[in-house]
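Student:
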Amino acid sequence: MSRRPRSRPAIALATLGLLGTALAAPSAAAAPTTAGHPSATQSCSLGPKGATKHVVYIQFDNTHLRRDNPNVPSDLEQMPHLLSFMRDNGTLLSNDHTILISHTAGGILSSLTGVYPDRHGQIVSNSNVRFNGTGFQFPSSFGYWTDPVAANTTIPNMVTPTGANAPAPWVPYTRAGCDFGAIGTANTVLENTGTGPSGDITKVFGPGSPQFAEAQASAAAPSGTAARAKAQTDFVGFAIHCAQGSTACTGGQADVLPDEPGGYGGYKGMFGAQEIDPLLTNDPAVTGLDGQPIVDPFGQPGFPGFDGMSAAVSLAYTAEMQEAGVPVTFSYISDAHDFHGVAGNDHQAFGPGSAGYVAQLKAYDDAFAAFFTRLASDGINKSNTLFVFTVDEGDHFAGVEKTDCDGVSTPCVYGPGEIGEINANIDTLLFEQHPELFALDGSGKPVFDFTVHGDDAPTFYLSGNPAPTSSHVRDFERATAELTAANPYTGETAHPLLVAMADREEQQLLHMSTAGDPNRNPTFTLFADADYFLTDFPSSTCETCINAAFAWNHGDIQPEIANTWLGFVGPGIRQLGETGDVWTDHTDVRPTMLVDLGLDTSYENDGRAITEVLTGAAVPHGLNAHRGSLQALGAAYKQLDAPFGRFGMATLAVATAGIRTGSASDDSAYAAMDARLAAWGSARDALADRIADLLDGVEFGGPAPSESTIRSLTKQATDLTAEVEAATP
656 MSRRPRSRPA IALATLGLLG TALAAPSAAA APTTAGHPSA TQSCSLGPKG ATKHVVYIQF
716 DNTHLRRDNP NVPSDLEQMP HLLSFMRDNG TLLSNDHTIL ISHTAGGILS SLTGVYPDRH
776 GQIVSNSNVR FNGTGFQFPS SFGYWTDPVA ANTTIPNMVT PTGANAPAPW VPYTRAGCDF
836 GAIGTANTVL ENTGTGPSGD ITKVFGPGSP QFAEAQASAA APSGTAARAK AQTDFVGFAI
896 HCAQGSTACT GGQADVLPDE PGGYGGYKGM FGAQEIDPLL TNDPAVTGLD GQPIVDPFGQ
956 PGFPGFDGMS AAVSLAYTAE MQEAGVPVTF SYISDAHDFH GVAGNDHQAF GPGSAGYVAQ
1016 LKAYDDAFAA FFTRLASDGI NKSNTLFVFT VDEGDHFAGV EKTDCDGVST PCVYGPGEIG
1076 EINANIDTLL FEQHPELFAL DGSGKPVFDF TVHGDDAPTF YLSGNPAPTS SHVRDFERAT
1136 AELTAANPYT GETAHPLLVA MADREEQQLL HMSTAGDPNR NPTFTLFADA DYFLTDFPSS
1196 TCETCINAAF AWNHGDIQPE IANTWLGFVG PGIRQLGETG DVWTDHTDVR PTMLVDLGLD
1256 TSYENDGRAI TEVLTGAAVP HGLNAHRGSL QALGAAYKQL DAPFGRFGMA TLAVATAGIR
1316 TGSASDDSAY AAMDARLAAW GSARDALADR IADLLDGVEF GGPAPSESTI RSLTKQATDL
1376 TAEVEAATP
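Right under this line is the structure:
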């Protein structure tokens, strides 16, 4: 099967009745500013009648609405200023879902792009494994939007099924005349200080530039010094992508997007605190909402590191940019359930209700209280601002559940051996339990001809990238499915690791394969018990032991990982409070925002606009004409196409059972299962294409489809999902 690349021609703006004055000539209505902040953008008016002047998108890392311990208030319950803001002023969706593999990069990027990982390339994150002919490469998922996946290749890191660079999320806004501020948000900012041919500094500033010289000097400085950190502090983490004619980017660099649908010439950007901070403040450093200067671990003003992007830091930069006339800001906030030291120079895992965890959440809540007050004083509020709050993934807590504390009045105290993921060396486990898989070298040691992307849901890569039906792959899959490991928490000596397993056919169904760079597609994936972190690196990793440095696992399929939340407040948003009635996932964020803001898109989304949260005035006429029927179709579509939808979870159950069947002499049952998955996948993709075309067309100003067409597609999607569910073992 091949997933659809699906680009679409731009719809004539005249057909978008909801645009109002969104793309009209420059208006005198600029963003409110505070003293000392020049207005960077002359006009940014979005949504019905141009009522939306600001967009504030907040991207959390690992922050929970559900309780991790039933006695301890959840993360959001311990941030009442944020929770009340969403519940009282808009809609908080509690039945949102992540993607697979559910890690920071993949989750954020699917929210930004509106497509699943098979269409933006980060199918396994936060790093990839690639077959390179002679072995494996291990590129990071995090790189600036136009970076290649690895040195000495032109294949984009953010790759579409056709091999092109994925479209950038800031484009709809800058084309509409709105500057777009990026504050720590994945791949929209510089992520490294490389000066090689594919380094971020080379690509953006160019050889011979002062920034290039500084980055080279920084790289040559001794490790662990302020000089070594200086280039990251100055250039990484912050960006402003400017509209044409914006005064903010007068001294900036070309914002180059060579593969952008419809072209993207003549746009500029600003990159890093060195360029951006002078636009925001006359002081040496931007001041956080906690009153502290925002600095790196050495006290140098600028980017504090991604782990240092606390609420006080990220929200301060958000407010500063909004006040400086950058009306669209997309901001990242680091997790609160780990201690990151000063600007990310330390790491310690907390458990639910730990005193440090509770203190950090209190600091986050204080930051939101100050943030909302500050914006309100600037005239930035729910009447003129679209606020969006979301999270990249959920987490599984690996540790003992405390019953004698609530965290708030009585702290939860974790003793030695009561908190931490169970590290397990996959090489050791496989060789001890299935030595027949491995050849021995001259000294009698096993030759490990595979690697994994370490995770509680590790992806496996067998050397030479063998065919999925080869006897070696099948023997490996069956053996891996039988693995057991000691569990220090329960005292078990042979705890089964398998929860589910996906071969290459099933990975395609779960949007975990990319046609744009097949060398990064795993051989198979083990969704394991979420208490475990399975890895082959470093080779000295213990066979099974508790690693107290990390206690929050994700990437897997357990409900606490899969289930997330999503909040909307602002013009065009209904005030529904908190609801779990609408099933959504990360890909729905972008189309919902664009429809509410009256912006067009140059490609079709995998997600759908969540019209349940949008007022009738905020959507095109076609969506209102058959609103209830289209919502039913959208719900059926999500269950058919989303990784955590009923179709995907049912095929995963079928795949898991089929993978475990057969032997080297007779693998016919597996072959029959895989053929059935392929047939279901072809039917799903064809039907999902039709539904996505219909939804995308009507969401972005096309004519309303007939009621009979909507009902027919809804029935086909429901019937196909039911057929697969009926076949689950």
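For the sequence shown, the working numbering gives the first residue as 656, with consecutive numbering after it.
Ideal Cβ positions, reconstructed from N, Cα and C, are used throughout, including at glycine.
1. If you follow the alpha helix (DSSP H) that Gln1385 is in, where does it begin and where does it stop?
2. Would a C-beta distance cut-off of 8 Å place Pro1007 and Gly1075 closer than the cut-off?
3. In angstroms, rounded to a whole number, what distance separates the CA positions of Pro877 and Gln955?
4. Suppose the cutoff is 6 Å on Cβ atoms and the five residues either side in sequence are ignored; what does the same chain contact list for Glu1198 look like?
5. Residues in the same chain with beta-carbon distance under 8 Å from Asn1279, minus the five sequence neighbours each way, listed in chain order, please.
6. Cα-Cα, which of Asp1172, Phe1192, Gly1171 and His1166 is closest to Thr1180?
7. With DSSP as the reference, identify every bridge partner of Tyr712, one or two as the case may be.
8. What span of residues does the alpha helix (DSSP H) with Thr888 cover, start to end?
9. For Phe961, does the three-state DSSP call read helix, strand or coil?
10. Based on Cα-Cα distance, which residue from Phe797, Ala967 and Val1268 lies nearest to His775?
11. How should Lys1293 be labelled, buried or exposed, when 16 other C-beta atoms within 10 angstroms of its C-beta is the threshold for buried?
12. My output table needs one value for Val1274: the three-state DSSP class, helix, strand or coil.
13. Looking at the structure shown, is Phe1026 part of a helix, part of a strand, or coil, going by DSSP?
14. For the beta strand (DSSP E) containing Leu747, list its first residue and its last residue.
15. Starting from the C-beta of His719, find all residues in its chain whose C-beta is less than 6 Å away, skip the five residues before and the five after it, and write them out in chain order.
16. Could you tell me the alpha carbon to alpha carbon distance between Trp1335 and Thr973, rounded to whole angstroms?
17. Out of Asp1348, Ala1122 and Asp1251, point me to the one whose CA is closest to Lys704's CA.
18. Would DSSP call Pro1401 helix, strand or coil?
19. Buried or exposed for Pro913, please, with buried defined as at least 16 other CB atoms from any protein chain shown within 10 angstroms of its CB.
20. When you compare the CB positions of Asp1001 and His995, do they come within less than 8 Å of one another, or not?
21. Quick one: is Phe793 buried, meaning 16 or more other Cβ sit within 10 Å of its Cβ, or exposed?
22. Among the candidates Val1274, Arg1301 and Asp1021, whose CA atom is the shortest distance from the CA of Leu701?
23. Alpha carbon to alpha carbon, how far is Thr1383 from Leu1295?
24. Count the other CB atoms within 10 Å of the CB of Ala1122; is the residue buried (16 or more) or exposed (fewer)?
25. Within its chain, find whatever has a CB closer than 6 Å to the CB of Gly1222; leave out the 5 residues flanking it on each side and keep chain order.
26. Can you tell me where the alpha helix (DSSP H) holding His1166 begins and where it ends?
27. Roughly how many angstroms lie between the CA atoms of Thr1196 and His1127, to the nearest whole one?
28. If you count every other CB in all the chains shown that lies within 10 Å of the CB of Asn787, and 16 or more means buried, which is it?
29. Can you check which of these residues, Gly1289, Lys1037 and Asp1348, is closest to Glu1373 by C-alpha distance?
30. Return the CA-CA distance between Ala841 and Ala1319, expressed in angstroms with no decimal places.
31. Are Val1379 and Phe1302 touching if we call contact CB-CB under 8 Å?
32. Pull the bridge partners of Ala909 from the DSSP assignment, please.
33. Quick one: what's got a C-beta closer than 6 Å to Thr676's C-beta in the same chain, skipping five residues either side?
34. How far does the beta strand (DSSP E) with Met1156 in it extend, from its first residue to its last?
35. Residue range of the beta strand (DSSP E) that Ile1216 falls in?
36. Name the one or two DSSP bridge partners that Thr1190 has.
Tutor: Taking the coordinates as given:
1. In this structure the chain extends from 656 to 1384, so residue 1385 is not present and cannot be described.
2. In this structure, Gly1075 does not lie closer than 8 Å to Pro1007 by Cβ.
3. 16 Å
4. Asn1080 and Thr1083
5. Gly1271
6. It is His1166.
7. Phe985 and Val1043
8. Ala881 to Phe890
9. Helix.
10. Phe797
11. Around the beta carbon of Lys1293, a 10 Å sphere encloses 16 or more other beta carbons of the protein chains shown; the residue is thus reported as buried.
12. Reduced to three states, the DSSP call for Val1274 is coil.
13. helix
14. Gly745 to His752
15. Cβ within range, chain order: Ser729 and Asp730.
16. 45 Å
17. Asp1251
18. In this structure the chain extends from 656 to 1384, so residue 1401 is not present and cannot be described.
19. exposed
20. yes
21. exposed
22. Val1274
23. 15 Å
24. exposed
25. Met741, Leu747 and Phe1044
26. His1166 -> no alpha helix (DSSP H), and no H or E assigned at all.
27. 25 Å
28. exposed
29. Per the sequence presented here, residue 1373 reads as Thr, with Glu not at that position. The candidate whose alpha carbon is nearest that of Thr1373 is Gly1289.
30. 44 Å
31. yes
32. Its beta-bridge partners are Lys923.
33. Only weak support exists for where Thr676 lies, its pLDDT of 30 falling under 50; the coordinates are left without a value.
34. Leu1153 to Ala1157
35. Counting along the chain, Ile1216 falls outside any beta strand (DSSP E), though it belongs to the alpha helix (DSSP H) covering Pro1214 to Ala1217.
36. Asn1080
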